[in-house]
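FYI, in our numbering the residues of the sequence shown are 334 to 538. Virtual Cβ for every residue (Gly too), placed ideally from N, Cα, C. A quick note: this is a predicted structure, and the numbers were derived from the prediction, not measured. Read through the structure below, which is laid out as structure tokens, and then see the notes.
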Amino acid sequence: MTEASPRRPPNVVGFIFGKFSDYVWGLRPLFLLCLILFVFSLVMGFYLGDKIPIDMLEELLGTLPDVGNMNLLTLFLFILGNNLFKSLLWMLSGVLFSIPSLLFTVLNGFFIGWLSHSVRIENGLLFTVVALVPHGIIEVPTVLLSSAAGMALGYQLVNRIRGRGSLRAELGKALRLFIWRIAPLLLLAAIVEVTVTPLVIYLVS
């Protein structure tokens, strides 16, 4: 499922992912599925934003932290650590027949949609967009790629049960991708979120 495609990856994929580009390009059907699920759940979260109480979300996702009282460094470390931990956890748990990775994608999209609705009510649509887009254009595709790699692990487990392929080899590809590309991209997204995003919000508001 994740072996190199007969077609060469686009230049932008080769530029970003380098020696991992063939592996990433092979994940594109799973990435597209994750993207579709994410967008659908985001729209549903936004649509149901005023119908879902925060208590219910906290039961599913854990207590939401008070980021307003964090200094810049603490906020950066929290965002980075949270994204790294969850992306790795749900990627590795995807070995369980891909179900956890799909669940993470849906919950993540729904939460962002719900949060977007809440922010829009308080601050308007323009504020909501500029608060999410600068870092989101890096963070969201990266997290979805992590989920796609997790789904590939689940697919490879099924192949292994059938006596084909190597789960260890697939796991090695996923972990190397995480260490050398996903983690740095999440680092970049966290930097943008604590520096560029507040600046853009300040200029707009």
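Leaving aside the five residues before and after Pro-540 along the sequence, list all residues of the same chain whose C-beta is less than 8 Å from its C-beta, in chain order.
The first residue shown for the chain is 334 and the last is 538, placing residue 540 beyond what the model contains.
Selection from Phe-444, Met-424, Leu-422 and Trp-423 that minimises the alpha carbon distance to Met-377:
Against the sequence shown, residue 377 aligns to sequence position 44. Considering only alpha carbons, the answer is Phe-444.
How big is the Cα-Cα spacing for Val-537 and Leu-458?
As a position in the sequence shown, residue 537 is number 204, starting the count at 1. As a position in the sequence shown, residue 458 is number 125, starting the count at 1. Taking the straight line joining both Cα atoms gives about 11 Å.
Does the pairing of the stretch 472–482 with the stretch 507–519 give three or more beta-carbon distances under 8 Å?
yes
Beta carbon of Leu-363 nearer than 8 Å to that of Ala-516:
Translated into positions along the sequence shown, residue 363 becomes position 30. Translated into positions along the sequence shown, residue 516 becomes position 183. Not a contact, by the Cβ cut-off of 8 Å.
Taking Ala-502 as the reference, give the member of Ala-482, Leu-465 and Leu-520 with the closest Cα.
Position 169 of the sequence shown, counted from the start, is the residue given in the question as residue 502. Minimum Cα distance to Ala-502 is reached at Ala-482.
Would you mind listing the alpha helix (DSSP H) stretches within the stretch 391–470 that are 4+ residues and don't spill past its ends, in chain order?
405–426 and 432–456
Report the rounded CA-to-CA distance for Arg-591 versus Val-428, giving the unit in angstroms.
Any question about residue 591 goes unanswered here, given that the chain covers just 334 to 538.
Do Val-452 and Thr-461 have their CB atoms nearer than 8 Å?
As a working mapping, residue 452 is identified with position 119 in the sequence shown. As a working mapping, residue 461 is identified with position 128 in the sequence shown. Taking 8 Å as the Cβ cut-off, Val-452 and Thr-461 qualify as a contacting pair.
I need the DSSP call for Lys-352, collapsed to helix, strand or coil.
Taking the first residue of the sequence shown as 1, we reach residue 352 at position 19. If DSSP states are grouped into helix, strand and coil, Lys-352 belongs with the helices.
Bounding residues of the alpha helix (DSSP H) (the contiguous stretch that carries Ser-374):
Position 41 of the sequence shown, counted from the first residue, corresponds to residue 374. Residues 361–380.
Where Lys-384 falls: helix, strand or coil (DSSP):
As a first step, residue 384 must be located in the sequence shown, where it is residue number 51. The answer is coil: DSSP assigns Lys-384 none of H, G, I, E or B.
DSSP on Ser-499, reduced to helix/strand/coil?
In the sequence shown, residue 499 corresponds to position 166, counting from 1. Note: Ser-499 maps to coil in three-state DSSP.
Helix, strand or coil for Ser-338? Go by DSSP, reduced to three states.
By 1-based counting over the sequence shown, the position of residue 338 is 5. At Ser-338, the pLDDT of 44 sits below 50, so the modelled position is not reliable and the matter cannot be decided from this model.
Pro-531 - containing alpha helix (DSSP H), residue span:
Along the sequence shown, one-based indexing puts residue 531 at 198. Its alpha helix (DSSP H) spans residues 516–537.
Where does Pro-343 sit, in a helix, a strand or coil, going by DSSP?
To locate residue 343, count along the sequence shown from 1; it is residue 10. In this structure, Pro-343 counts as coil in the three-state DSSP scheme.
How many angstroms separate the CA atom of Phe-379 from the CA atom of Leu-518?
The residue you call residue 379 lines up with position 46 of the sequence shown. The residue you call residue 518 lines up with position 185 of the sequence shown. For Phe-379 and Leu-518, the distance between alpha carbons rounds to 26 Å.
Roughly how far, in whole angstroms, is the beta-carbon of Met-430 from the beta-carbon of Gly-487, given that I think they are within contact range, below 8 Å?
Taking the first residue of the sequence shown as 1, we reach residue 430 at position 97. Taking the first residue of the sequence shown as 1, we reach residue 487 at position 154. Correcting the residue type first, residue 430 is Phe in the shown sequence and not Met. The Cβ separation is near 5 Å, so the contact holds.
Rounded separation between Ser-426 and Gly-505 - CA only
Locating residue 426 in the sequence shown gives position 93, counting from the first residue. Locating residue 505 in the sequence shown gives position 172, counting from the first residue. Each residue's alpha carbon lies about 14 Å from the other.
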